[in-house]
Amino acid sequence: MSTPATHPGAFQPLPPLAGRRIRAAVVGAGAIGRGSHFPALARLAEEGETEVVAAVDIDANSVESFCAAAGIPHAYTDLEQMLREQRPDLVTICTPPTLHRAQTVAALRAGAWVWCEKPPVPTLADFDAVEDEEGKDGGPYASIVFQHRFGSGTRHVRRLLDEQAMGRPLVAHCQTTWYRDTAYYAVPWRGRWATEGGGPAMGHGIHQMDLLLDLLGPWSEVKAMAGRLVHDVETEDVSTALVRFANGAMATVVNSVLSPDEVSRIRIDCERATVELTHLYGHGNDNWRITPAPDVSGEEAAAWQNFGPDVPSSHLEQLRELVVSMRAGERPRASGTDGRTSLELITALYKSAFTDTTVRAGEIGPGDPYYTALHGGAPGWAPVAREEVSA
Numbered sequence: 393m394s395t396p397a398t399h400p401g402a403f404q405p406l407p408p409l410a411g412r413r414i415r416a417a418v419v420g421a422g423a424i425g426r427g428s429h430f431p432a433l434a435r436l437a438e439e440g441e442t443e444v445v446a447a448v449d450i451d452a453n454s455v456e457s458f459c460a461a462a463g464i465p466h467a468y469t470d471l472e473q474m475l476r477e478q479r480p481d482l483v484t485i486c487t488p489p490t491l492h493r494a495q496t497v498a499a500l501r502a503g504a505w506v507w508c509e510k511p512p513v514p515t516l517a518d519f520d521a522v523e524d525e526e527g528k529d530g531g532p533y534a535s536i537v538f539q540h541r542f543g544s545g546t547r548h549v550r551r552l553l554d555e556q557a558m559g560r561p562l563v564a565h566c567q568t569t570w571y572r573d574t575a576y577y578a579v580p581w582r583g584r585w586a587t588e589g590g591g592p593a594m595g596h597g598i599h600q601m602d603l604l605l606d607l608l609g610p611w612s613e614v615k616a617m618a619g620r621l622v623h624d625v626e627t628e629d630v631s632t633a634l635v636r637f638a639n640g641a642m643a644t645v646v647n648s649v650l651s652p653d654e655v656s657r658i659r660i661d662c663e664r665a666t667v668e669l670t671h672l673y674g675h676g677n678d679n680w681r682i683t684p685a686p687d688v689s690g691e692e693a694a695a696w697q698n699f700g701p702d703v704p705s706s707h708l709e710q711l712r713e714l715v716v717s718m719r720a721g722e723r724p725r726a727s728g729t730d731g732r733t734s735l736e737l738i739t740a741l742y743k744s745a746f747t748d749t750t751v752r753a754g755e756i757g758p759g760d761p762y763y764t765a766l767h768g769g770a771p772g773w774a775p776v777a778r779e780e781v782s783a
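Note that our numbering gives residue 637 to position 245 of the sequence shown, counting from 1, and the numbers run on in steps of one.
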């Protein structure tokens, strides 16, 4: 879809959000747009919060069928035309990672807030370029879909950790061990730096790593390894890492697409209890377990186990909070510095693995090859230009 350069000021300011529905547009008519973004928007439409006014996709048949099935009034194949004609308040981006920067910038320049699927953009340089386009006071802002942060389970555990009710966090484990076969990587854009952005660390494990960071706070250093053990890809198909946090806690991180017994897991051992989340693609209260130390009273342990009404992690729960932020004119969670932290950790993981060094937070910036490419030009990992063979 077209995203020509759009200069600030080319669009008139959008009217205030108070007292009216938020006009939303979905960019990308594939599975994530149809199956996750639109249902969340539709639910909030039932509650009087939103209305979906348009959808955009380069495939005219796909976007027209999507709009017809979903009751969306306007179908487009050109993003800028949609922004100009429909003037949405919110644009949700459900396209491949390499398109995220240009599409997010176009929407921000049109005055729309953005909710973009993970991974947000391929590099830290891209992320910083997007942040430069955000509003400086009251938006619009660009938020990333990190739905595992949201829901009653995460909210309860985050509060316990923030209050140190279970004591200091000491040891953690973050695991995304999934399985993807050769047919999965037969899709041409997968497993390539330029089109997928990275391997399982970037495209699969980012959710659990982001959740770990949301629970434990800033990381300080990482030492990692990566490998291609099975698949014929440019990126890795497995990685492991040791991460130290600013609060002193230490964690192991495993990201794999080689694991037939699929699981997503986070475990945090604190001074007085172990808290563990075990699930696959989403979690509710029952997926969390808190095991108290022997000297913890039954009354205190019972209070820790009280997660309240079950609100599963979901696109809907994150969108609810985003809408509240929009109406308040406040930066939402999973945006700006808060949204950048997991991408910075993943970038550092790749740099550490490919250079066999320890990488510290804040180390990768302009001038560092990993700032503009996650492979960093490393021999054996950077894409190899294919020479044309003459007849």
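Ideal Cβ placement from N, Cα and C applies to all residues, glycine included.
Local conformation of residue i per DSSP, three classes
i, result
"Met558", "coil"
"Ala455", "In the sequence on display, residue 455 carries Val and not Ala. Residue state, collapsed to three classes: helix."
"Ala770", "coil"
"Glu732", "In the sequence on display, residue 732 carries Arg and not Glu. Three-state DSSP puts Arg732 in a helix."
"Ala740", "helix"
"Val483", "strand"
"Pro682", "The residue asked about is misnamed: residue 682 is Ile in this sequence, not Pro. The answer is strand: DSSP assigns Ile682 an E or B state."
"Asn677", "helix"
"Glu780", "Confidence is the limiting factor: at Glu780 the pLDDT is only 43, short of 50, which leaves the residue's position unreliable and the question unanswerable from this model."
"Leu406", "coil"
"Pro652", "strand"
"Ile414", "strand"
"Thr469", "coil"
"Trp581", "coil"
"Pro775", "coil"
"Asp529", "coil"
"Val622", "coil"
"Val522", "helix"
"Val445", "strand"
"Thr515", "coil"
"Ser394", "A caution first: Ser394 carries a pLDDT of 42, below 50, which makes its placement in the model too unreliable to give a value."
"Val646", "strand"
"Thr496", "helix"
"Ile424", "helix"
Whether residue i touches residue j by CB criterion (9 angstroms)
i, j, result
"Met617", "Ala633", "yes"
"Ile414", "Glu439", "no"
"Asp481", "Met718", "yes"
"Val506", "Ala517", "no"
"Gly721", "Gly531", "yes"
"His466", "Val445", "yes"
"Asn639", "Leu608", "yes"
"Glu692", "Pro684", "yes"
"Gly591", "Asp624", "no"
"Val635", "Val614", "yes"
8 angstroms Cβ shell around residue i - same chain, five flanking residues per side excluded
i, result
"Asn679", "Gly545, Leu669, Thr670, His671"
"Ala783", "Below a pLDDT of 50, predicted positions are generally treated as unreliable, and Ala783, at 40, falls in that range; the measurement from the model is reported next regardless. Excluding residues within five positions, none has a Cβ falling inside 8 angstroms."
"Glu654", "Thr569, Trp570, Tyr571, Leu672"
"Pro488", "Trp581, Thr587, Glu588"
"Pro407", "none"
Buried or exposed by the 16-neighbour rule on C-beta atoms within 10 Å, applied to residue i
i, result
"Leu621", "exposed"
"Thr398", "Any reading at Thr398 needs caution, since the residue's pLDDT is 43, under 50, leaving its predicted position unreliable; the model's value is listed next. Flag for Thr398 reads buried."
"Ala504", "buried"
"Pro396", "Bear in mind that the predicted position of Pro396 carries a pLDDT of just 39, short of 50, making it unreliable; the figure below should be weighed with that in mind. Label assigned to Pro396: exposed."
"Ser689", "exposed"
"Asp529", "exposed"
"Tyr576", "exposed"
"Thr739", "buried"
"Thr749", "exposed"
"Val563", "exposed"
"Ala502", "buried"
"Gln600", "buried"
"Pro771", "exposed"
"Pro724", "buried"
Cutoff 6 angstroms; reference residue i; Cβ partners in own chain excluding five residues on either side
i, result
"Phe538", "Asp602, Ala726"
"Arg560", "Glu663"
"His767", "Trp585, Trp773, Ala774"
"Ser454", "Ala421"
"Thr574", "none"
"Phe542", "Ser705, Glu709, Gln710"
"Pro400", "Residue confidence is low: Pro400 scores 45 on pLDDT, short of 50, so the model does not pin down where it sits. No coordinate-derived value is stated."
Any C-beta of chain B under 9 angstroms from that of residue i
i, result
"Val537", "Included in the structure is just one protein chain, with no chain B present."
Neighbourhood of residue i by C-beta distance below 7 angstroms, restricted to the same chain and skipping five residues each side
i, result
"Glu526", "Leu500, Pro532, Tyr533, Ala534"
"Gly757", "Tyr763"
### Task
Inspect the CB distances between the segment 559 to 579 and the segment 645 to 661 and report whether three or more fall short of 8 angstroms.
yes
### Message
Closer than 8 angstroms is the cut-off here; do at least three beta carbon pairs connect the segment 454 to 463 with the segment 418 to 437?
### Response
yes
### Cβ pair count under 8 angstroms reaching 3, the segment 511 to 522 against the segment 726 to 741
yes
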